[in-house]
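Worksheet for the structure shown next.
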Amino acid sequence: MGKSFDIGLERLTGAGVPGIGVTQDGGVPIAKNALGEKPPPQDASTAGSTFYLETFGCQMNDHDSEKVAGVLVARGYRQVDEPEAAKVILYNTCSIREKAAQKVFSRLGELRPADELHRKSFNTEDAEEERRVHGGSLPGNHPSLRKIVNAGGGKIIGVLGCVAQQEGEEIFERAPWVSLVCGSASYRKLPQLIVELEAGNRRVTGLDTDTDETFETEITRRDNPWRAYLTIIEGCDKACSYCVVPFTRGPERSRASASILEEVRQLAEAGYSEVQLLGQTVNSYADPTPISKGRNMRFSELLAAVAEVRGIRRVRFTTSHPRDFGKDIVEAIETHPTICDHVHLPVQSGSTAVLRAMARTYTREEYLEKIALMKAARRPISITTDMIVGFPGETEKDFEETLSLLDEVQYDSVFAFKYSPRPNTPSLKMADAIPEEEKGRRLAILMDRQREIQRVRNEKLVGETFEVLVDGKSRRENQWSGHTSSNRVVNFTSPEQELLGDYVQVKVSSAMPNSLVGEMVGRT
Ligand code: 5AD
Ligand code: SF4
């Protein structure tokens with residue numbers, strides 16, 4: 076469905092955060108209405124209207140796209156796989172690192188109308204961008220011409236998400252053939268914005284970030300038939316010095332616990348057995364329910380309440396911020412077997428000096444205290460993290476401290492990134508930038524070290540048996556794949572005819588740094 080692009084995350088995949096850039100293996104049934112409803116009838120104004128939606132970025136973005144698709148399908152639009160076949164072409168974009176933001180401008184370049192190709196405004200900057208993206212081809216023999224020729228007129232081209240929020244109306248300047256720019260907090264306005272365009276408006280925008288309408292009464296068209304994503308908190312009130320999220324997604328807004336629980340109940344009834352609670356800082360959740368109107372839940376209480384919903388077998392949550400991570404969350408995991416034994420706790424750096432420059436609000440030692448809480452838990456908890464190398468001023472000694480943190484914590488997976496300077500962020504102006512080449516060197520060292528840690532850790536699991544939710548079927552006969560509660564990928568053999576969506580027991584026979592291999596030994 077034109078989603079799940081790898082946005083160039085330099086990462087060690089496997090037990091890490093699910094959903095980012097991970098495509099499903101062939102054969103996985105996709106796209107059913109979240110609540111199992113039939114597609115709504117088309118109204119006369121949108122009959123025959125089609126949309127193409129491509130997503131770049133994190134799983135918050137993937138889930139936002141599910142919401143956008145839900146909004147459009149509810150209005151009678153039909154999703155298509157090729158931009159050529161669509162009346163409305165939408166790119167939902169992440170801007171957390173520069174690469175993803177670049178990708179959307181490259182896509183927009185492909186849709187440049189023929190007359191724009193020869194316009195004078197195809198300036199040096201544009202040409203430079205084309206060279207970077209398309210390897211130096213000139214407009215005349217531009218490889219995307221095919222698309223432009225096929226694209227035909229009358230299409231609505233829109234940019235959604237963080238890049239939309241960040242660049243705002245400047246997108247119209249850079250790509251005048253774009254007619255819609257809409258940030259993540261305004262998706263519910265999308266149908267209205269599209270109506271305005273259909274009525275002849277040349278350009279429309281939805282760029283508010285302070286709305287709290289983000290979640291309620293939406294119809295979400297979920298792409299994964301077993302795992303339902305659910306945003307419980309939008310935006311971010313932290314102010315990490317490298318991060319655009321507070322600018323693009325606005326301040327924190329939490330959704331009322333009663334409304335979350337009602338949706339989880341509906342999801343369970345519709346056949347979902349796994350839910351993943353989402354938020355940039357999911358554990359900073361602050362229930363807005365007024366005391367007079369019901370129970371005001373802490374994040375750990377909400378987790379427990381979701382875990383107790385009948386029909387729900389797995390509860391995941393991401394991403395947790397170390398500052399708001401407490402013993403109560405570990406206790407909730409201990410007492411509720413349905414809460415998965417996996418915590419993604421981004422550290423970013425192992426050096427307190429760099430953490431301070433990043434404004435992360437904790438020291439290395441304080442972070443390690445949170446890790447100790449998890450290591451002391453009654454059942455093993457898989458821990459994964461994000462790290463940034465080459466932050467301005469990061470010395471060789473600081474970097475060594477990041478490496479020693481890997482050894483100390485023994486993560487099951489690490490998403491590692493080269494520092495990428497982002498617009499508006501405080502770190503943009505910091506001295507002592509690290510050269511790209513050096514960032515690359517540090518990243519490679521970090522990944523090698525972590526790969527070895529994962530290899531050793533996974534080898535220890537050989538001979539053990541795990542419950543696996545089957546979510547992939549290989550083209551090869553008898554080959555299946557799925558995830559454990561700890562979010563490890565397991566590839567396994569089974570002669571069964573149909574297993575997708577089932578929970579099965581798999582005995583591990585061999586291990587790799589990013590996945591386990593095994594054989595099905597029973598059902599659960
Ligand atoms: N440069 C590199 N990585 C970044 N991240 C966020 N902002 C930047 C940036 N400017 C990483 C952090 C975060 C993850 C989602 O992306 O590690 O946890
Ligand atoms: Fe960005 Fe920091 Fe907020 Fe995470 S906690 S979204 S890194 S500002």
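Residue numbering for the sequence shown is 76 to 599, as defined by the numbering used here. We treat Cβ as the ideally placed atom computed from N, Cα and C, and that holds for glycine. As the structure is a prediction and not an experimental result, all values here were calculated from the model.
Can you check whether the CB of residue j is closer than 8 Å to the CB of residue i?
i: Gly-465; j: Lys-402; result: no
i: Ser-590; j: Val-537; result: no
i: Thr-393; j: Leu-448; result: no
i: Val-234; j: Ala-176; result: no
i: Phe-541; j: Val-581; result: yes
i: Arg-388; j: Asp-416; result: no
i: Trp-301; j: Gly-547; result: no
i: Cys-315; j: Arg-435; result: yes
i: Ile-408; j: Ala-380; result: no
i: Gln-154; j: Val-148; result: yes
i: Tyr-347; j: Ala-303; result: yes
i: His-396; j: Ser-367; result: no
i: Tyr-578; j: Thr-599; result: yes
i: Tyr-166; j: Arg-187; result: no
i: Val-319; j: Ser-170; result: yes
i: Ser-329; j: Pro-363; result: yes
i: Ser-479; j: Glu-173; result: no
i: Asn-136; j: Gly-236; result: yes
Using the Cβ count rule (16 or more neighbours within 10 Å means buried), how would you classify residue i?
i: Ile-231; result: buried
i: Lys-142; result: buried
i: Arg-391; result: buried
i: Asp-473; result: buried
i: Thr-323; result: buried
i: Glu-309; result: buried
i: Ala-160; result: exposed
i: Thr-410; result: exposed
i: Thr-470; result: exposed
i: Ala-506; result: exposed
i: Arg-150; result: buried
i: Gly-557; result: buried
i: Asp-487; result: buried
i: Ile-458; result: buried
i: Pro-588; result: buried
i: Arg-550; result: exposed
i: Arg-297; result: buried
i: Leu-213; result: Low local confidence applies: a pLDDT of 26 at Leu-213 is under 50, so the model's placement there is unreliable, and no value is given.
i: Gln-572; result: exposed
i: Arg-370; result: exposed
i: Gly-325; result: buried
Taking the continuous alpha helix (DSSP H) assigned at residue i, which residues delimit it?
i: Tyr-442; result: 439-450
i: Met-135; result: 134-149
i: Asp-482; result: 471-484
i: Phe-466; result: Per DSSP, Phe-466 belongs to no alpha helix (DSSP H) and is neither H nor E.
i: Thr-356; result: Note, Thr-356: premise wrong, no alpha helix (DSSP H); not H, not E.
i: Ser-334; result: 332-344
i: Ala-432; result: 427-432
i: Asn-533; result: 511-534
i: Phe-180; result: 173-185
i: Phe-247; result: 245-249
i: Gly-236; result: 236-242
i: Thr-410; result: 402-410
Mind checking which residues open and close the beta strand (DSSP E) that includes residue i?
i: Phe-374; result: First-last for Phe-374: 374-382, but that is the alpha helix (DSSP H), not the beta strand (DSSP E).
i: Arg-391; result: 389-393
i: Met-505; result: Note, Met-505: premise wrong, no beta strand (DSSP E); not H, not E.
i: Asn-566; result: 564-568
i: Leu-255; result: 255-257
i: Thr-125; result: 125-131
i: Leu-265; result: Counting along the chain, Leu-265 falls outside any beta strand (DSSP E), though it belongs to the alpha helix (DSSP H) covering 265-273.
i: Gly-369; result: No beta strand (DSSP E) holds Gly-369; DSSP gives it neither H nor E.
i: Trp-555; result: 554-559
i: Gln-580; result: 578-586
i: Leu-544; result: 540-548
i: Lys-618; result: Not covered by the structure: residue 618. The range shown for the chain is 76 to 599.
i: Arg-598; result: 591-598
i: Ile-164; result: 163-168
If you measure from the CB of residue i, is any heavy atom of ligand 4 nearer than 7 Å?
i: Thr-500; result: Ligand 4 is absent from the structure shown, which contains only ligand 1 and ligand 2.
- Is the region 498-505 touching the region 559-566, taking contact as three or more C-beta pairs under 8 Å? no
- Message: Three Cβ pairs or more, each shorter than 8 Å: is that satisfied between the region 367-385 and the region 530-548?
- Response: no
- Query: What residue ranges within the region 296-324 form continuous alpha helix (DSSP H) runs of no fewer than 4 residues, ordered along the chain?
  - Reply: 320-323
- Touching by the beta-carbon criterion (3+ pairs, under 8 Å), the region 418-429 and the region 369-382: no
- Task: Determine, using beta-carbon pairs with one atom in the region 347-366 and one in the region 252-268, whether at least three such pairs fall under 8 Å.
- Result: no
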